[in-house]
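Have a look at the structure below before the remarks.
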C-alpha cells in the first residue's frame, strides 16, 4: 500500500518547499499537445489509477529489482561503491510509489509543474541525495532517466491488465499512461539542458 | 512503400558521411540494459518489421498530420512563418519512413551509433536543415523530440495489430518496439546535453 501523501517525507507536492518551475502553463499546454494527451486520455488515467493504486508498490519494487541487476546503476541509489543503501531505498520508495498514482490523478497545473521540476532537480547535482541525506553519486545521467522510461511504459500493460478490464480498456489506459509518463519525464529533463536548447 | 535505402537522399547510414558518435559500444550496452532490451525483444522486432514495413509510410504521415495541427510546431518543418514546405516534407519523409524499419532491423553496432548521432545532430543547430537545404527553424527543442515519442509508441499498437497477430504477439512486439524507440530517442538527445550531464 502507498502511504498518505502527507506522511511521505520529502514529498513537497503543492507546498512552497517545491521549487518554482521555470515553465509556464502555456509551455505545459504545448507539451500536452505534443504527447497527444486528450480529455479521453485523462479519463482513462482515472480508470488506470483505480487499477494501479494498490499495485504501485509492486511496480516500483520491480523497477528497482531490475536496476539493481545492473552493476553500473547501483552507485546512483546505493553507496558510491555500489553496495546497497537500504535506508535511502526505504526513504525514497514512498515518493516513487506515489508517482505512479500522481501520474494518473494529479491535475496538470502550476503545482504539478513545480513538483515535476523538483523531481527533475532531485536527479541532478542541484538536489540529488539532499532530501534523504544519502551519499549516492550526486547526478543521474539524463540518458538513464530517459531510457528507463521504456521499462515503466512497457511493463505497465500487465499491471493495467491485472483487474480484468477488456482489451480495449487496457489499450486505452496503456496509451494514456504512456503519454502521461512521457509528459512527466520530458519535464524532468528541464534541469539537464540549457533553456535555449530544451 | 518505403524506398530502397541507397535511393534515399541524405540517408548516410553506414557511410563515412555519418558523424562519428562520441559513444562507445560499452555505452550502448548499458543503454540497452537500462531500456531492458533483450534477445527476445530483438526477435520480436524482426516480427514487427514484417508487419510495419509496408505501413511505415502511413505511420509517418499520421505523425505529421498530428504535428501540423499544432501551429507552434509548424515552423520546425515548414517555413519559419509556419507555412507549409512540401519540398522539405517530401525530401525528409523517406528517411523518417526508413527509421520505422531501421528501429526493428538494424544491428546495434558502431554504424548504428554513428547514424543515431547524426539524426540527433540533424534536430539541433549543428545540422538541422542542412541535409535538405530547408529554411525551417534551425533547432527542434529537445522537449518536443522526447515528448513526441509518446505518440510513436502509443500509436504503434494499432499498426502492430493490423495483420492479425495474437494479443500475446502484439504485446511482445509492442513492448520491444517501445524499448527500441526509447533507445533511439535517448541517443538522439546526446547533442543537446553536456557530456558530464548526459
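Protein chains in written order, with the UniProt record's numbering: chain A, 1 to 198; chain B, 1 to 198. We put the beta carbon where it would ideally sit given N, CA and C, even for glycine.
Task: Distance, residue 77 of chain B Cα to residue 129 of chain B Cα - done: Roughly 9 angstroms separates the two Cα atoms.
TODO: Scan the region 26–38 of chain B for residues whose Cβ lies nearer than 7 angstroms to a Cβ of chain A and list them as they occur along the chain.
DONE: Correct list: 30, 31, 33, 34, 35 and 36.
Open item on the list: For a cutoff of 8 angstroms on Cβ pairs, would you count residue 149 of chain A as touching chain B?
Closed with: Chain B, which has a Cβ nearer than 8 angstroms to the Cβ of residue 149 of chain A, makes this yes.
Open item on the list: Could you tell me the alpha carbon to alpha carbon distance between residue 47 of chain A and residue 40 of chain A, rounded to whole angstroms?
Closed with: Residue 47 of chain A and residue 40 of chain A: Cα-Cα distance of roughly 11 angstroms.
Open item on the list: Give me the chain B residues within the contact set of residue 66 of chain A, using Cβ-Cβ distance strictly less than 8 angstroms, ordered along the chain.
Closed with: 36, listed in chain order.
Open item on the list: Against residue 198 of chain B, what residues of chain A qualify as contacts under a CB-to-CB distance less than 7 angstroms, listed in chain order?
Closed with: Correct list: 141, 142 and 143.
- [ ] Locate the alpha helix (DSSP H) running through residue 46 of chain B, then write down its first and last residues.
- [x] Bounds of the alpha helix (DSSP H) holding residue 46 of chain B are 39–52.
- [ ] Just the C-alpha distance for residue 80 of chain A and residue 148 of chain B, rounded to the nearest angstrom, thanks.
- [x] In a straight line, the C-alpha of residue 80 of chain A is about 35 angstroms away from that of residue 148 of chain B.
Task: Supposed contact pair residue 155 of chain A and residue 62 of chain A - C-beta distance, whole angstroms, cut 8 angstroms - done: Right, their Cβ atoms sit about 7 angstroms apart.
Task: Cutoff 8 angstroms: residue 9 of chain B Cβ touching any chain A Cβ - done: So no, residue 9 of chain B is outside the interface.
Open item on the list: Once DSSP output is grouped into helix, strand and coil, what is the label at residue 83 of chain B?
Closed with: Of the three classes helix, strand and coil, the one that applies to residue 83 of chain B here is coil, per DSSP.
Task: Spatial neighbours of residue 151 of chain B in its chain, beta-carbon cut-off 8 angstroms, leaving aside the 5 residues before and after - done: Excluding positions up to five away in sequence, the list reads 63 and 66.
TODO: Consult DSSP for residue 152 of chain B and reduce its assignment to one of helix, strand or coil.
DONE: If DSSP states are grouped into helix, strand and coil, residue 152 of chain B belongs with the helices.
Open item on the list: Within 8 angstroms of any Cβ in chain B, is that where the Cβ of residue 153 of chain A sits?
Closed with: With a threshold of 8 angstroms between beta carbons, residue 153 of chain A makes contact with chain B.
Task: Three-state secondary structure assigned by DSSP to residue 124 of chain B - done: Here residue 124 of chain B sits in coil by DSSP.
TODO: Could you check if residue 22 of chain A is buried or exposed, using at least 16 other CB atoms within 10 Å of its CB as the buried criterion?
DONE: Per the 10 Å Cβ criterion, exposed.
Task: Beta-carbon proximity list for residue 161 of chain A, same chain, < 8 angstroms, skipping 5 on both sides - done: These residues qualify, in order along the chain: 170.
Task: CA-to-CA distance, residue 185 of chain B to residue 133 of chain B, given in whole angstroms - done: Straight through space, the alpha carbons of residue 185 of chain B and residue 133 of chain B are spaced by roughly 24 angstroms.
Open item on the list: Using CA atoms only, rank isn't needed, just tell me which of B:190, B:183, B:188 and B:198 is closest to residue 29 of chain B.
Closed with: Among B:190, B:183, B:188 and B:198, the Cα nearest to that of residue 29 of chain B is on B:183.
Task: Closest by C-alpha distance to residue 159 of chain B, when choosing among B:37, B:38 and B:49 - done: Measuring from the Cα of residue 159 of chain B, the nearest candidate turns out to be B:49.
- [ ] Spatial neighbours of residue 85 of chain A within its chain, please: CB distance less than 8 angstroms, with the 5 preceding and 5 following residues excluded, ordered by chain position.
- [x] Answer for residue 85 of chain A: 77, 78, 79, 134, 135 and 136, listed in chain order.
Task: Between the CA atoms of residue 57 of chain A and residue 9 of chain B - distance to the nearest angstrom - done: Spanning the two alpha carbons is a distance of roughly 49 angstroms.
Open item on the list: Distance cutoff 8 angstroms, beta carbons only. Does residue 72 of chain A sit that close to anything in chain B?
Closed with: Contacts with chain B at 8 angstroms (Cβ-Cβ) include residue 72 of chain A.
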